[in-house]
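See below for the structure under consideration.
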Amino acid sequence: MSEGQLYFRYMQEGDIPAVAAIEQAVFSRPWSRQAFAQAMQQDTLFVVALKAEAVIGYCGMYCSFGEGEITNVAVTPGEQGAGIGRRMMEYLLAQAQDAGISRVVLEVRVSNERAIHLYEGLGFCSCGVRRNFYDMPREDGMVMALGRMPDGQYTG
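Using this note's numbering, read the sequence shown as starting at 72 and increasing by one per residue.
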C-alpha cells in the first residue's frame with residue numbers, strides 16, 4: 072500500500088480511539104468510546120477509511136431482519152470535501168448488500184445540505200421528517216431510505 076493511498080476495511084477494536092476522536096470533532100452529541108465498543112458487539116457493520124495507515128473517517132450501520140440503519144458517517148475535518156464520505160458510503164453499502172441487507176435508512180439534519188446531497192447522489196430518497204430529532208441545536212431530522220430491487224441493485 073503506497074503512503075497516502077485511501078482504503079477501506081471493517082472497523083477493529085483498535086480503531087475506536089481514532090473514531091471517537093473524529094466523532095468528538097464532528098458532532099455536537101458525540102458517541103463515547105464505550106458506545107462504539109458496545110455497538111461493535113451487536114449486529115452491525117462499521118467501516119473505516121484509512122490514509123497513510125491513519126483512520127480519517129468511519130461509518131456504521133445497525134442490521135436487523137435484512138434492514139440497515141446508518142448511525143454515524145464522519146470524515147475528519149481536514150479531509151472533508153475530497154469525496155471520502157461518498158467512497159466510504161459506497162463501500163459500506165457494498166458490504167451491506169453482501170450481508171443480505173435489502174433496505175437502508177438514515178436520519179440527517181434538515182440543514183445539512185452537503186450530507187443530503189451525498190445521500191441523494193447514492194440513491195437515497197426522503198421519506199419523512201422526525202420533528203426535533205436532534206439536540207444541540209434542536210432540529211428536525213430528515214428520514215431517508217434506500218431500497219434494493221430483486222436484481223440486487225439499490226434504488227431510492
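Glycine included, each C-beta is placed from N, C-alpha and C at the ideal position.
By the neighbour-count criterion, in which a residue is buried when 16 or more other Cβ atoms sit within 10 angstroms of its Cβ, Asn143 is buried.
As summarised for the stretch 103-176, the continuous beta strand (DSSP E) elements at least 3 residues long and confined to that stretch are 115-122, 125-135 and 138-146, given in chain order. Annotation: Arg209 is outside any beta strand (DSSP E) and is labelled neither H nor E by DSSP. Ala91 is a Cβ neighbour of Arg104, given a cutoff of 7 Å. For the 7 Å CB-CB criterion, Phe117 and Met159 do not form a contact. Boundaries of the beta strand (DSSP E) around Arg80: Leu77 to Tyr81.
Considering only Tyr205, Gly218 and Met132, the residue with the shortest C-alpha distance to Asn183 is Tyr205.
Bounds of any alpha helix (DSSP H) do not take in Val181, whose DSSP letter is neither H nor E.
With contacts defined as CB atoms closer than 7 Å, Thr115 and Gly128 fail to qualify as a contacting pair.
Out of Val126, Gln112 and Gly194, the CA that lies nearest to the CA of Pro148 is found in Val126.
In the three-state scheme derived from DSSP, where H, G and I count as helix and E and B as strand, Gly192 is classed as helix. Burial state of Gly156 is buried, judged by a 10 Å Cβ sphere holding 16 or more other Cβ atoms.
In this structure Leu177 does not touch Glu124 by the C-beta definition: roughly 29 Å separates them, more than the 8 Å allowed. Taking C-beta separations shorter than 8 Å and ignoring five residues to either side along the sequence, the partners of Val200 in its chain run Val181, Asp211, Gly212, Met213 and Val214, following chain order.
Ala170 sits away from Ile93, with the two beta carbons spaced by 7 Å or more.
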